[in-house]
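J.:
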Amino acid sequence: MSVFASSLIFIIFKLFSRYNVDTFQAIIINYIIACTSGILAYTSPIKIDTIINANWLYSAMALGVIFILIFNLMAITTQKNGLSVAAVASKMSIAIPVLFGIIVYQESTGFLKLSGILIALVAVYMTAMKTAGGVSIKKENLIFPILVFLGSGIIDTSLKFLETNYVVDNDVPIFSATIFGFAAVIGIFILSYKAITGTLKLSFKNILAGIALGIPNYFSIYFLIQALKNEHMDSATVFTINNVSILLVSTLVGVLFFKEVLFLKNWIGIILAIISIIMVAFTI
């Protein structure tokens, strides 16, 4: 379900460019909708003092800030280095939570599983790099993909750490809502500043796009956390299968519905992605 929701996000983003949606405005509305979705999904009575005293509150606030920062960094990376570089930097970040799970939580390792993870990293690079050549990055722009790589990895690693130590099953919706809520607050401040300076042109199209994005965005996090709580799968398995599957589904959707052209190495990457998923899943 997390893969499905995340892949749906990809489709919606692709439609943004087709209908000239203001991405930043839609992202802010998306955070508001995602926060609202979490509140509605929370079955217990919402008590502000309980949330304020929750062990995960400050971490959720920090993640909300990181969500906004990474979004902007991905936009800058795309502008400076190209979409392929941004995609590779984001998806290759699975190495961080995978290593964290193996080192900190001493998750199971074996030749088949480790080989599958390494193949997954190769598959991510080859599938995401939709250019005839390889990666070409100017030294002065290298910092941006590095920050995207680190930031994306920190988000996934933090979700695993908080899920393991602080977030009980019933708190998953309100925990997710809090993350999106703080991201929304920061975004609203930015939009307010633009409104004051006269640079804001809010349109119904952007609001509608944000609503369409917010619901699957919430469920992509919600179901990822639920998957991490599955006692039959460790985090290395979950993150590898989740990230590689998202890239695989997104690429195939791009080919089938958006007429994207793939190079030979992209098809090889798709084959490797399927092999890596089978290898990692086989070790569950």
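Each residue of the sequence shown is one higher than the last, beginning at 1 in the UniProt record's numbering.
For glycine and all other residues, C-beta sits at the position ideal for the given N, C-alpha and C.
Could you check the C-alpha separation between G241 and V168 for me, to the nearest Å?
T.: On the sequence shown, position 241 is the one that residue 241 refers to. On the sequence shown, position 168 is the one that residue 168 refers to. According to the sequence as given, residue 241 is Ile; it is not Gly. C-alpha separation (whole angstroms): 24 angstroms.
J.: Does the separation of the CB atoms of L69 and G151 fall below 8 angstroms?
T.: Along the sequence shown, read from residue 1 onward, the residue named residue 69 stands at position 69. Along the sequence shown, read from residue 1 onward, the residue named residue 151 stands at position 151. A contact, by the Cβ cut-off of 8 angstroms.
J.: Please state whether DSSP places residue 330 in a helix, a strand or coil.
T.: Because the chain in this structure spans residues 1 to 284, residue 330 falls outside the shown range and cannot be described.
J.: Applying the criterion that 16 or more other CB atoms from any shown protein chain within 10 Å of the CB defines a buried residue, is L213 buried or exposed?
T.: Residue mapping note: residue 213 aligns to position 213 of the sequence shown, counting from 1. Its Cβ being crowded by 16 or more others within 10 Å, L213 is buried.
J.: Would you mind giving the Cβ-Cβ distance between G38 and F180, rounded to the nearest angstrom? I have them listed as a contact below 8 angstroms.
T.: Here the question's residue 38 lines up with position 38 in the sequence shown. Here the question's residue 180 lines up with position 180 in the sequence shown. Indeed they touch by this definition, with Cβ atoms about 7 angstroms apart.
J.: Applying the criterion that 16 or more other CB atoms from any shown protein chain within 10 Å of the CB defines a buried residue, is L121 buried or exposed?
T.: The count along the sequence shown starts at 1 and reaches residue 121 at position 121. Buried, because 16 or more other Cβ atoms sit within 10 Å of the Cβ of L121.
J.: With distances taken Cα to Cα, identify the nearest neighbour of N81 among Q25, I117, L142.
T.: Within the sequence shown, numbered from 1, the residue matching residue 81 stands at position 81. Nearest option by C-alpha distance: L142.
J.: Cβ atoms of I211 and T157: under 8 angstroms apart, would you say?
T.: The residue labelled residue 157 in the question sits at position 157 within the sequence shown. The residue labelled residue 211 in the question sits at position 211 within the sequence shown. It is not a contact, given that the beta carbons lie outside the stated cut-off.
J.: Could you tell me the boundaries of the alpha helix (DSSP H) in which P145 lies?
T.: Working through the sequence shown from its first residue, we reach residue 145 at position 145. Note, P145: alpha helix (DSSP H), 143-165.
J.: Just confirm the distance between the C-beta atoms of I28 and S276, as a whole number of angstroms; I'd bet it's less than 8 angstroms.
T.: Within the sequence shown, residue 28 is the residue found at index 28, counting from 1. Within the sequence shown, residue 276 is the residue found at index 276, counting from 1. Contact flag wrong, Cβ pair sits at about 35 angstroms.
J.: Could you give the DSSP three-state label for T43: helix, strand or coil?
T.: Along the sequence shown, read from residue 1 onward, the residue named residue 43 stands at position 43. Looking at T43 - three-state DSSP - the assignment turns out to be coil, as it is neither helix nor strand.
J.: By the 10 Å Cβ neighbour count, where 16 or more other Cβ atoms means buried, how is T251 classified, buried or exposed?
T.: In the sequence shown, counting from the first residue as 1, residue 251 sits at position 251. The residue in question, T251, is buried, as its Cβ has 16 or more Cβ neighbours within 10 Å.
J.: Does the pairing of the stretch 214-226 with the stretch 172-190 give three or more beta-carbon distances under 8 angstroms?
T.: The stretch 214-226 vs the stretch 172-190: in contact.
J.: Could you pull out every residue in the same chain whose Cβ sits closer than 6 angstroms to the Cβ of E107, ignoring the five residues on either side in sequence?
T.: Here residue 107 refers to the residue found at position 107 of the sequence shown. Excluding positions up to five away in sequence, the list reads G101, D234, A236.
J.: Contact between the stretch 181-194 and the stretch 46-55 is defined here as three or more beta-carbon pairs at a separation below 8 angstroms; is this criterion met?
T.: Counting Cβ pairs under 8 angstroms, fewer than three are found: no touch.
J.: Return yes when the Cβ of I66 is within less than 8 angstroms of the Cβ of L57, no when it is not.
T.: In the sequence shown, counting from the first residue as 1, residue 57 sits at position 57. In the sequence shown, counting from the first residue as 1, residue 66 sits at position 66. Not in contact: L57 and I66 (Cβ atoms no closer than 8 angstroms).
J.: Check whether the Cβ atoms of V253 and F71 lie closer than 8 angstroms to each other.
T.: Position 253 of the sequence shown, counted from the start, is the residue given in the question as residue 253. Position 71 of the sequence shown, counted from the start, is the residue given in the question as residue 71. No. Outside cutoff.
J.: Terminal residues of the continuous alpha helix (DSSP H) containing L248?
T.: Locating residue 248 in the sequence shown gives position 248, counting from the first residue. Its alpha helix (DSSP H) spans residues 235-258.
J.: Taking the straight line between their C-alpha atoms, what separation do you get for M279 and A195?
T.: Taking the sequence shown and counting its residues from 1, one reaches residue 279 at position 279. Taking the sequence shown and counting its residues from 1, one reaches residue 195 at position 195. For M279 and A195, the distance between alpha carbons rounds to 52 angstroms.
J.: Just curious, the alpha helix (DSSP H) that K205 is in, first and last residue?
T.: Here residue 205 corresponds to residue number 205 of the sequence shown, with the count starting at 1. 204-228 is the extent of the alpha helix (DSSP H) around K205.
J.: When DSSP labels each residue in this structure, what does G110 get in the three-state scheme?
T.: Position 110 of the sequence shown, counting from 1, holds the residue named residue 110. Residue state, collapsed to three classes: coil.
J.: Whose C-alpha, out of T78, R18, L159, is nearest the C-alpha of A62?
T.: Here the question's residue 62 lines up with position 62 in the sequence shown. Comparing Cα positions, the closest option is L159.
J.: Is it the case that the Cβ atoms of I32 and F239 are separated by a distance below 8 angstroms?
T.: Here the question's residue 32 lines up with position 32 in the sequence shown. Here the question's residue 239 lines up with position 239 in the sequence shown. No, Cβ-Cβ distance for I32 and F239 is not below 8 angstroms.
J.: Can you give the Cα-Cα distance for F144 and L272, rounded to whole angstroms?
T.: Taking the sequence shown and counting its residues from 1, the one referred to as residue 144 is at position 144. Taking the sequence shown and counting its residues from 1, the one referred to as residue 272 is at position 272. Straight-line Cα distance between these residues: approximately 27 angstroms.
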